[in-house]
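Chemist: For the sequence shown, my numbering assigns the number 315 to the initial residue and increments by one for each residue that follows.
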Amino acid sequence: MSEFMLQQTRVAAVEERYEAFLRRFPTVRALAEAVVDDVLALWSGLGYYRRARNLHAAARAIMARHGGNVPGDAAELRELPGIGAYTAAAVASIAFGKLEALVDGNVARVLSRIFRLKGDPRAGKPAMRLKEVAERLVPRDGSAGEWNEALMELGAMVCLPRNPRCDQCPLAGDCGARREGRPEAYGGRAKSVKSVREVVMRIAIARGGRWLLRRNGAREKPAGMFEFPVVRGIPPGATLEEVAGVVERELGIALRDVRELGQVRHQILDRAITVRVVAARAVDSPSPSPKAGAREVHGKGRARGERFRWVRSSELGNLPVSAAALRVARLLTARPAP
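#1: Can you name the start and end residues of the alpha helix (DSSP H) that residue 335 belongs to?
#2: In the DSSP assignment, the beta strand (DSSP E) including residue 526 goes from what residue to what residue?
#3: Between the Cα of residue 459 and the Cα atoms of 476, 402, 501, 586, which residue gives the shortest distance?
#4: I'd like the list of long-range same chain contacts for residue 737, defined as Cβ closer than 8 Å, with 5 residues on each side in sequence excluded.
#5: Using only the alpha-carbon positions, how far apart do residue 495 and residue 444 sit?
#6: If contacts are defined as beta-carbon pairs under 8 Å, then residue 377 and residue 342 qualify, I think. What distance do you get, rounded to the angstrom?
#7: In angstroms with no decimal places, state the Cα-to-Cα distance between residue 393 and residue 350.
#8: Could you tell me the distance, in whole angstroms, from the CA atom of residue 648 to the CA atom of residue 463?
#9: So for residue 341, helix, strand or coil by DSSP?
#10: For residue 375, which of 536, 395, 537 has the nearest alpha-carbon?
#11: Whose C-alpha, out of 580, 556, 484, is nearest the C-alpha of residue 570?
#12: Counting C-beta neighbours from all protein chains within 10 Å, is the total for residue 469 16 or more, i.e. buried, or is it exposed?
#13: Which residues does DSSP pair with residue 625 in a beta bridge?
#14: Excluding five sequence neighbours on each side, which residues of the same chain lie with their C-beta closer than 8 Å to the C-beta of residue 456?
#15: Just to check my reading of the structure: residue 519 and residue 596 have Cβ atoms closer than 8 Å, yes? What is that Cβ distance to the nearest angstrom?
#16: Could you give the DSSP three-state label for residue 539: helix, strand or coil?
#17: Using alpha carbons as the reference points, say which of 547, 527, 545 lies closest to residue 538.
#18: Can you round the beta-carbon distance between residue 473 and residue 424 to whole angstroms, since I take them to be within the 8 Å contact cut?
#19: At which residues does the beta strand (DSSP E) containing residue 574 begin and terminate?
#20: Touching or not, the segment 483-492 and the segment 564-580, by the rule of three or more beta carbon pairs under 8 Å?
Right under this line is the structure:
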């Protein structure tokens, strides 16, 4: 579970959610028998929601193929949804003591500097060389897991991308890059792709103490997650009255007390997204129009397939809500309507 959560996510962001996840799903069976929406709801805010779906699918596969016991063999682990070579090696070595070498970004940096291996460690021949070196070094005495964790921690705490703490490194005497006097010349990645900047507008419509949320379709990202609706087709410099007109035309909801709250920002891979948040109250038309493919949902019924739902702020924790929607909700709380 921790390996799934830590994919592309900082440890500090995972720690609190990890404990809550274990309390809710303490066993493979509990996770496998859960409704995927409940898994997504608890994952809300971590991003990259495909990981949650894969984790749920992996739990079901473990129940079906392995009687609820997580396999200790890396090859069998790789057959599970969402588990690649790195995750399989990490679980097999750390949890089961199997002889498996793993190479993450931290390990790649440490080994690249010690052996002066040039090139982007993520792909091609440099990645293959690193894997070969890691496999030669992993100890054969049953301590592969401890070795792998030690290398990862060394890279995370000492052998830093910039300003490495060579004076604190237990391997400094064996480090070719340090002897050369250029540790930062090794273990770096190819020049990153420049982020594409986007600006979108989302509308937070209130009615009777509830907010209108829209659920993404299967082909939208993040799939199946609830978000505040996007307002499209707004020309630059449009007034709030024009925004209200677009919303009424698209959703069939007349608005009043329209105000712009501010902005929230988030990153999805190479997309740097700025969200302009507009808040308003619904006048009449209590639910989106049929042409929008919507129907209102009352009470605590599950929102399977519905596009829109009126939700109280207190209910957000029980729904699969995107990280962007949670940021918008925090802005609404910080700047309530007068």
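Positions of the beta carbon are idealized from the N, C-alpha and C atoms, including for glycine. Quick caveat: nothing in here was measured; it's all calculated off a predicted structure.
Modeler: A quick look at the data gives this:
#1: The continuous alpha helix (DSSP H) containing residue 335 extends over residues 325-338.
#2: Looking at the DSSP string, the run of the beta strand (DSSP E) that includes residue 526 is 524-529.
#3: The shortest C-alpha separation from residue 459 is found at 402.
#4: Nothing can be reported for residue 737: it is not among the residues displayed for the chain, which extend from 315 to 652.
#5: So the alpha carbons of these two residues sit roughly 21 Å apart.
#6: Yes, residue 377 and residue 342 are in contact; Cβ-Cβ is about 6 Å, under 8 Å.
#7: Distance between the alpha carbons of residue 393 and residue 350 is about 20 Å.
#8: Going by C-alpha positions, residue 648 is about 41 Å away from residue 463.
#9: Under the three-state reduction of DSSP output, residue 341 falls in the coil class, being neither helix nor strand.
#10: Ranking the options by Cα distance to residue 375, first place goes to 395.
#11: The residue with the shortest Cα to Cα distance from residue 570 is 556.
#12: Answer is buried; the Cβ neighbour count reaches 16.
#13: According to DSSP, which records beta bridges pairwise, residue 625 is partnered with 525.
#14: Result list for residue 456: 411, in chain order.
#15: Going by Cβ atoms, the distance from residue 519 to residue 596 rounds to 5 Å, so yes, they are a contact pair.
#16: Coil, per DSSP.
#17: Out of 547, 527, 545, 527 has the C-alpha closest to the C-alpha of residue 538.
#18: With a Cβ gap of about 5 Å, residue 473 and residue 424 count as contacting.
#19: Annotation for residue 574: the continuous beta strand (DSSP E) segment containing it runs 569-582.
#20: With a cut-off of 8 Å, the segment 564-580 and the segment 483-492 do not count as touching, because too few Cβ pairs lie within range.
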